[in-house]
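Residue numbers (full-length UniProt numbering): 1 to 894. Note sheet for the following structure.
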């Protein structure tokens, strides 16, 4: 450390707890007998404070010797591991507060596992640079061994052994040992012989790149194997790979094997993570990969050929038909509907499926289509008749309503049926209802809810928190958000801070929303219509939604339903099935003409005040007279009192007024008691469109029924109906052809039901998306097992279930008791079971030993565990989707 008072700086340098291994040196050593790896390591680290933790090779023994004078302890124990079949070591520490209380050396056959994770260039990897070197290449080796010990009675000095005169033949026929003791590789010599540069034929007997190598072997058999191993290593170009990694998954640990793919270069590799350095202050991470192996592409050649053919297919262009109607061939008063129009234009456009409303886009395409005058239009809405309209709902398991029909509740049902009439009791006939699917497939992941349930307390008293984020790329950097779930990827991590991180690298990302499918090909064009034919619009009336009850062609005033259809036959059909039926109300009758004024009554006493009702000023009034007047005798709006000299304005004050009809009256601060209130409206703006209709308040129900108009105030064929009554609210807007609804909504029985048209409004078969939202969709259910679970490999286990909507998060706290794989932990709790269990699994990290973990996955409805170490506590979590019914018996919070 250093202290600079002038600069005001104190600098501290911290050394790791393994300083004894790094700085201490050991001398030569020869084992007196075969010893185990733990014996050697304890010998060389006897005063360092380190002890053996995990030992995966306790029974393997070696007799080893070192002649170095000043090896560091760390280098010596690494040498021990190498000579025990390349065993691998890792170091771990137990810390209490800021004090290291235990130092462990763990011995592994091999650290890490193959995670079956592939990193791709241009996705997870920026690039893979391949470089080759022949710096250490040779095609022949002349080996020299050690000096054998003198045998009893021999007095001459022994010479180092060679392979001269040794007899050996390669069973594969590639390598050749000469009588002079030189080991040759003729196959490699064909590639690397110096004679190749001169154009000569390579010879087995000449032009080898020879290397003289000294070994410690004291027998010719051992010397041959050492030389052969080295020759196989150095008889080809040494290839090195440098990988620039953009995103390294967080669950990759030291020693793990990952796979690398550069599909453009057809390069497929596997590599081990040898070292991982992180600077928390600089926010940098450096990974060292090694042990590269070349892998083969697993994609069959015929599939690659097919992909290439698809890539070279010519791109198609989608054209959409635009149809508009107008009064002349210039597009005057252009409309999307043919009513009262003489001309029609058809244009095919590749710009949009929505037709343009610009007449210039249809120039030169107008054709005369005007036929004979059609029948009268649809009658207007019927005025309120004092009866109560009732809205009925039923549920069933199929679209006919016959399977599982019920009117008492929709739990578990897939279809909902509705109808309206003036009878309070619900019909038990499924045919009376209009049926629609209301329980569809799961939608996209919903918006992020409030902070989830805190995890179990750790040993140090800290609380673990689960965090979610959303993005449009696998690395989380595109459109990153912790609140807006309208993204393709979901990210998750857990730590001991309640605040969500804004660093995408902190999250593990998973795809939750696939890309849209490609557009389909154009459909087969329809047949051309016959020229010159006149369409006819037909109307009928009935008392049922199928038109079969009291069917009539000419009695609209006494029927509940109106039916319509269009064809090229002038006569109206008497078949109710040809008509599309809608519930209607007839129009309110027109106001009658002004009646004649009654005869003047006999004048009373001349002293009694007289009330005048006339347009002109009364002649010869007397004090106290009253005068009602206005623009006409039917709308007297002013009352004046004569004080003897002039007329004075008066207000009307009366406890009770019995009046047959009030018009053009403003009422302030009043209570109105009436069984029926009507409020007609014309050409008002509603949601950006004009509308005319009626608002009625009658029999505990408020109804708004009206049409939708174009900018000129003409009906465009669409109607809407909104009803608010004690059972809830319903609303729908029809399509222009009145054969379906653009949208509908209902709020009843504690549930919000929504329905939206997703197909073309004019399509014969209309497609909808329907959904339902209940209070259970907006709470978080949770459950934790108690007491702890114990299994053959767990001394204790806690499983924390949390569910909001269709998203489930499960947290695990596991106490590992032994390294035993494939042990069932518990059944997955009902209400939290995954929609697709084959894709659910995770690694939970060991909080006591670096690099160790426990794999958890679901098999046949059960959690299965596979720990990678024999001890320690593992923690982690996994998230997935479910379609289970809500676990309403579990605890919950909003």
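Glycine included, every Cβ here is placed at the ideal spot set by N, Cα and C.
Identified DSSP bridge partners for residue i
i           : result
residue 694 : 680, 705
residue 893 : 780
residue 479 : Residue 479 is not bridged to any residue.
residue 394 : 417
residue 773 : 752
residue 743 : 733, 756
residue 324 : 345
residue 501 : Residue 501 pairs with nothing; no bridge assigned.
residue 865 : 823, 856
residue 61  : 36
residue 875 : 813, 845
residue 140 : 184, 210
7 angstroms CB neighbourhood of residue i in its chain, flanking five on each side removed
i           : result
residue 798 : 456, 784, 785, 788, 813
residue 118 : 259, 261
residue 560 : 543, 583
residue 321 : 346, 348
residue 549 : 542, 543
residue 691 : 684, 706, 707, 708, 709
residue 419 : 392, 432, 433, 434, 545
residue 423 : 390
Buried versus exposed, by CB contacts within 10 Å (16 or more), residue i
i           : result
residue 821 : exposed
residue 171 : exposed
residue 895 : Residue 895 falls outside the range modelled here, since the chain spans only 1 to 894, and no answer is possible.
residue 114 : exposed
residue 147 : exposed
residue 232 : exposed
residue 658 : The pLDDT assigned to residue 658 is 47, lower than 50, so where the model puts this residue is not dependable, and the model offers no usable value.
residue 319 : exposed
residue 496 : exposed
residue 792 : exposed
residue 485 : buried
residue 718 : buried
residue 538 : buried
residue 511 : exposed
residue 120 : exposed
residue 133 : exposed
Residue i: first and last residue of the uninterrupted alpha helix (DSSP H) it sits in
i           : result
residue 50  : From DSSP, residue 50 is part of no alpha helix (DSSP H) but of the beta strand (DSSP E) over 50-55.
residue 115 : It is not in any alpha helix (DSSP H) - residue 115 instead sits in the beta strand (DSSP E) that spans 114-120.
residue 785 : Looking at the DSSP string, residue 785 is not in any alpha helix (DSSP H), and its letter there is neither H nor E.
residue 76  : 73-83
residue 192 : 186-192
residue 23  : 19-23
Close beta carbons around residue i, own chain, < 8 angstroms, minus the five adjacent residues each side
i           : result
residue 472 : 478, 479, 487, 488, 489
residue 188 : 139, 235, 236
residue 67  : 28
residue 761 : 735, 736, 737, 740, 742
residue 833 : 861, 882, 884
Residue i - containing beta strand (DSSP E), residue span
i           : result
residue 236 : Run containing residue 236: none; DSSP gives neither H nor E here.
residue 100 : 99-108
residue 39  : Where residue 39 is concerned, there is no enclosing beta strand (DSSP E), although the alpha helix (DSSP H) it sits in stretches over 37-44.
residue 815 : 807-816
residue 802 : 794-804
residue 581 : 580-583
residue 131 : 125-133
residue 540 : 536-542
Cβ neighbours of residue i in the same chain (closer than 6 angstroms, five flanking residues each side left out)
i           : result
residue 646 : none
residue 679 : 695
residue 895 : Nothing about residue 895 can be read from this structure; the chain reaches only from 1 to 894.
residue 407 : 394, 426
residue 888 : none
residue 553 : 540, 572
residue 849 : 92, 869, 872
residue 274 : 288, 290
residue 756 : 743, 769
residue 906 : The displayed coordinates of the chain run from 1 to 894. Any statement about residue 906 would go beyond what the structure contains.
*Jot down the residue ranges of each uninterrupted beta strand (DSSP E) in the region 228-270, minimum 3 residues, whole runs only, in chain order.*
238-245, 257-262
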